[in-house]
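In short: position in the sequence shown from 1, add 973, done, that's our numbering.
Comments concern the structure below.
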Amino acid sequence: MPPFTQALLRNSLVCGSALFSAVALVGMSQTALADGTTWPTFNGNLMAQKYSPNDQINRDNVGTLEMAWKVNTGDVSDGKDGTPATVWSATPLVVNDTVYLSTPFYRIFALRPDTGGIKWVHDTTADREAPVQNELKNRGMAYWQAESPEEGVSCQKMVYIGTMEATLHAVDADTGVICPDFGDNGILSVNAWNTTNAIWPLALFQAPLVVGDTLVLGWSGNDWQDTVTPPGSVFGIDARTGDLKWTFRSIPEEMFTKTGTANTWASMSADIERGLVYVPVASPSPNFYGGNRLDPIPLATSVTALDVNTGDVAWSYQLVHHDLWDYDTNAAPTLVDLQHNGETVPALVQTGKQGFLYVLNRETGEPIFPILERPVPASDVPGEQASPTQPIPTLPAPVVGDTWPGVFELADIASFGYCSRTAEGLRDEGRFTPPSLQGTLQWPSTVGGIEWGGGAVDPTTRTYVVNNSVTAQIAKLIPRADYDEELENKASAHTGYVPMRGVPYGLDLQLFMNPLGMPCWKPPYGQISAYNLDTGERLWQVPFGQIKRDGFYMPEDWGTITLGGPVITAGGVIFIGASMDNRVRALNVADGSVLWKADVSAPAVATPATYMYDGTQYVVFTVGGNSILSPTVSDEIVAYRLPQN
974 MPPFTQALLR NSLVCGSALF SAVALVGMSQ TALADGTTWP TFNGNLMAQK YSPNDQINRD
1034 NVGTLEMAWK VNTGDVSDGK DGTPATVWSA TPLVVNDTVY LSTPFYRIFA LRPDTGGIKW
1094 VHDTTADREA PVQNELKNRG MAYWQAESPE EGVSCQKMVY IGTMEATLHA VDADTGVICP
1154 DFGDNGILSV NAWNTTNAIW PLALFQAPLV VGDTLVLGWS GNDWQDTVTP PGSVFGIDAR
1214 TGDLKWTFRS IPEEMFTKTG TANTWASMSA DIERGLVYVP VASPSPNFYG GNRLDPIPLA
1274 TSVTALDVNT GDVAWSYQLV HHDLWDYDTN AAPTLVDLQH NGETVPALVQ TGKQGFLYVL
1334 NRETGEPIFP ILERPVPASD VPGEQASPTQ PIPTLPAPVV GDTWPGVFEL ADIASFGYCS
1394 RTAEGLRDEG RFTPPSLQGT LQWPSTVGGI EWGGGAVDPT TRTYVVNNSV TAQIAKLIPR
1454 ADYDEELENK ASAHTGYVPM RGVPYGLDLQ LFMNPLGMPC WKPPYGQISA YNLDTGERLW
1514 QVPFGQIKRD GFYMPEDWGT ITLGGPVITA GGVIFIGASM DNRVRALNVA DGSVLWKADV
1574 SAPAVATPAT YMYDGTQYVV FTVGGNSILS PTVSDEIVAY RLPQN
């Protein structure tokens, strides 16, 4: 099946409704663009550009940055006292003369932008339990305001936070008081719409995308454990009332008894003028065996454009056919107008765990650079039928190569040949080698390639910057009888054993490490790259981050696994946390060199924000940690600025 599914394309839907969308949304896009004084969305603006026009901090003076203020929320857990550990990836919002911050205990802090002084705190009183995943997670919040806010009337400006128990809370942005006209006295039970295969609640880690007066909301689940799960959906919600406007489904109804998820758990982006919202759709369940779902699911593992008024599909491009690798489309596509073949082209850049950058026309979904259907390895697992081809972009170059870098000699020697012996017994035919009974070297891994932070673009130069991890995994399918007898009691996200209940196999999924905990593949383990999007040329690629172990730093050219995205400014600076080494950094956009770095209390796995306030530019990092990188967690938000005279 070709990846470009022109589902209900242009002639029947978008020519009519997109024109209405553009008219309806003009003037209601207060959160659409960051003007330098604000950072109003998770990705900076609705186009997910993560770009700031501010240049007070620039490549010449960024080395003198100093801390402006720091706040500790108290909302943190290492999991040792019975409260699930926290994973805090919330990018702060800066709007309405306030820094808004949501925590993994589902509280909202409103802070002064210049001092970090607390204006108010709102507590959702959500349970500190983890019914869907093993940790308490929060990736941010959303802001809406009326087109013409009325003086003295409450809830003309609102902030929204979701919880793991599938409730969406609306709070007055000025006072922190609940907005009673939204949902049921300020709380919307999104789980009321979870009516098919409702084996767990629709967890709300990621904030809704605010497009005019519509909240576009996806959800998270636990798609590794079971085969039949809630089918993927995105909801269009009235921003004022919480009423449901529309529902998008990614899985055909006839497949509901065979599979589930293919949900949208990451952030999204939108084109106000065209009335389209761009949805990164994840893979169907269970992730590593598809014999139960051999019929086509064309919207799974895709980037899909929806009409923001109706939820109808304008176009969809499938990035992975019959996904067997958990290669979720996991970040908002970045929207930018390119100069290509002498014309201005409305484009989007969609990243993926498989390490590719897909550059598409955001009006039509057609590739701007050729994407070829190329043969890939077949499955040898009874009952499975891997897709014979996968779509492979010709440009830009992927962030990781088609084959793994090979055995890391130091790790092999330290483990008396464990790495090389293990590698010899694995099935390894490069990217898209299917999981197997003998064990497959999965390259890139589920935490490899590009993660949910996505990339950033300078729209004036079309320079695109993205960080990535370089990791290898072993994916081994275990016949059901053997799994149930030996491993059912061991199954958890931490051990790597996954039951995949409802199909003939369980799963053993492990990072390819030696018994000493050293990666068996050659470094670097993390990188950051820059591309010229007009031509598709990669401008540079360098290792990123530094491993710290037992108080010692490993060589800089090893890099680290990275989580969280970059920000680009007009000052020629990239701001980024993302690394394992408890540091935040400023890089030179010209070559990726480090211009400044500062120690913080844990990995800063949230994309930073930057803004101007009273004539001073600030850059602010949420420092929370993530168990994928380190057991160190924190509750810190810290802002930096240039020295004050």
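Backbone N, C-alpha and C fix where the C-beta goes; we use that ideal spot for every residue, glycine too.
(message) Spatial neighbours of Leu998 within its chain, please: C-beta separation below 6 Å, excluding the five flanking residues on both sides.
(response) Below a pLDDT of 50, predicted positions are generally treated as unreliable, and Leu998, at 40, falls in that range; the measurement from the model is reported next regardless. Cβ neighbours of Leu998 beyond the five flanking positions: Gly1185, Ile1245.
(message) Between Asn1505, Leu1506, Arg1511, Ile1501, which has its C-alpha nearest Gln1519's C-alpha?
(response) Ile1501
(request) Please go through the region 1305–1362 and give each complete beta strand (DSSP E) segment of 3 or more residues, from N-terminal end onward. (result) 1307–1313, 1316–1324, 1330–1334, 1344–1348
(request) Report back the beta-carbon spacing between Tyr1498 and Ser1418 to the nearest angstrom; my notes put them in contact at under 8 Å. (result) Rounded, the Cβ-Cβ distance is 11 Å, inconsistent with contact.
(message) Within the continuous alpha helix (DSSP H) that includes Val1386, where are the two ends?
(response) Here residue 1386 turns out to be Ile, not Val, going by the sequence shown. Here the alpha helix (DSSP H) through Ile1386 covers 1382–1387.
(message) Measuring alpha carbon to alpha carbon, tell me which residue in Gln1312, Thr1317, Asp1147 is nearest Val1094.
(response) Here the closest residue by C-alpha is Asp1147.
(request) Would you decide whether Leu1272 is buried or exposed? Buried here means 16 or more other CB atoms lie within 10 Å of its CB. (result) buried
(message) Let's test the definition: count the other Cβ atoms within 10 Å of the Cβ of Arg1522 and tell me whether it reaches 16, buried, or not, exposed.
(response) exposed
(request) Can you tell me which of the three DSSP states Val1476 falls into? (result) coil
(message) If I follow the unbroken beta strand (DSSP E) through Thr1395, where does it start and stop?
(response) No beta strand (DSSP E) contains Thr1395, which is instead part of the alpha helix (DSSP H) from 1391–1397.
(request) Compute the distance between the beta-carbons of Val1254 and Ser1275, then report whether it is under 7 Å. (result) yes
(request) Give the DSSP-derived three-state secondary structure of Arg1213 in the structure shown. (result) In this structure, DSSP gives Arg1213 a state outside helix and strand, which the three-state scheme calls coil.
(message) Based on DSSP bridge pairs, tell me the residues matched to Tyr1133.
(response) Ala1115, Ala1143
(message) Considering only DSSP beta bridges, list what Ser1193 is partnered with.
(response) Ala1176
(message) Please give me, in chain order, every unbroken run of the beta strand (DSSP E) with length at least 3 that falls completely inside the region 1062–1116.
(response) Segments of the beta strand (DSSP E) lying fully in the region 1062–1116: 1066–1068, 1071–1075, 1080–1084, 1091–1096, 1109–1111.
(request) Over the uninterrupted beta strand (DSSP E) stretch that includes Ala1612, give me the two end residues. (result) 1609–1614
(message) Just verifying my parser: in three-state terms, what is the DSSP assignment at Val1163?
(response) helix
(request) Sort Ala1304, Ile1091, Arg1511, Val1318 by Cα distance to Thr1337 and report the nearest one. (result) The shortest C-alpha separation from Thr1337 is found at Val1318.
(message) Please return the same chain residues whose Cβ sits closer than 7 Å to the Cβ of Ala1384, not counting the five positions on each side in sequence.
(response) Cys1392, Asn1487, Met1491, Pro1492, Cys1493
(request) Might you give, ordered along the chain, the residues of its own chain that have their beta carbon closer than 8 Å to the beta carbon of Leu1489, omitting 5 neighbours on each side? (result) Ala1384, Ala1387, Ser1388
(request) Using a threshold of 7 Å, state whether the C-beta atoms of Thr1583 and Val1573 are closer than that. (result) no
(message) Given this structure, state the Cα-to-Cα distance separating Gly1215 from Gly1156, to the nearest angstrom.
(response) Rounded to the nearest whole angstrom, the CA to CA distance from Gly1215 to Gly1156 is 5 Å.
(message) Less than 7 Å between the beta carbons of Trp1173 and Asn1260, yes or no?
(response) no
(message) Distance check for Lys1570 and Asn1618, CA to CA, integer angstroms please.
(response) 22 Å
(request) Would you list the one or two residues that DSSP bridges to Leu1484? (result) Gln1446
(request) Please go through the same chain and pick out, in chain order, the residues whose beta-carbon is closer than 6 Å to the beta-carbon of Ser1360, but skip the five residues on each side of it. (result) His1294, His1295
(request) Rounded to whole angstroms, what's the CA-CA distance from Gln1291 to Gln1327? Just pull it up for me. (result) Computed Cα separation, rounded: 13 Å.
(message) Distance check for Leu1019 and Ala1005, CA to CA, integer angstroms please.
(response) For Ala1005, the predicted structure reports a pLDDT of 47, less than 50, and the residue's modelled location is therefore unreliable. A value from the coordinates is still provided. The straight-line gap from Cα to Cα measures roughly 5 Å.
(request) Determine, using beta carbons only, whether Pro1350 and Thr1406 come nearer to each other than 7 Å. (result) yes
(message) Measuring only the C-alpha atoms, how far is Leu1038 from Pro1077?
(response) 29 Å
(request) Would you give the residue range spanned by the beta strand (DSSP E) that Arg1453 belongs to? (result) Per DSSP, Arg1453 belongs to no beta strand (DSSP E); it is in the alpha helix (DSSP H), 1453–1459.
(request) For the region 1029–1036 and the region 1559–1568, state whether three or more C-beta atom pairs, one from each stretch, are separated by less than 8 Å. (result) yes
(request) Would you check if the region 1100–1115 and the region 1056–1065 touch, i.e. whether three or more CB-CB distances between them fall below 8 Å? (result) yes
(message) Is it buried or exposed, Met1040, if we count other Cβ atoms within 10 angstroms and call 16 or more buried?
(response) exposed
(request) Return yes when the Cβ of Ala1304 is within less than 7 Å of the Cβ of Ala1192, no when it is not. (result) Correcting the residue type first, residue 1192 is Trp in the shown sequence and not Ala. Not a contact, by the Cβ cut-off of 7 Å.
(message) Assuming contact is defined by CB atoms lying nearer than 7 Å, are Phe1342 and Gly1509 in contact in what I supplied?
(response) Contact annotation: Phe1342 and Gly1509 have beta-carbon atoms nearer than 7 Å.
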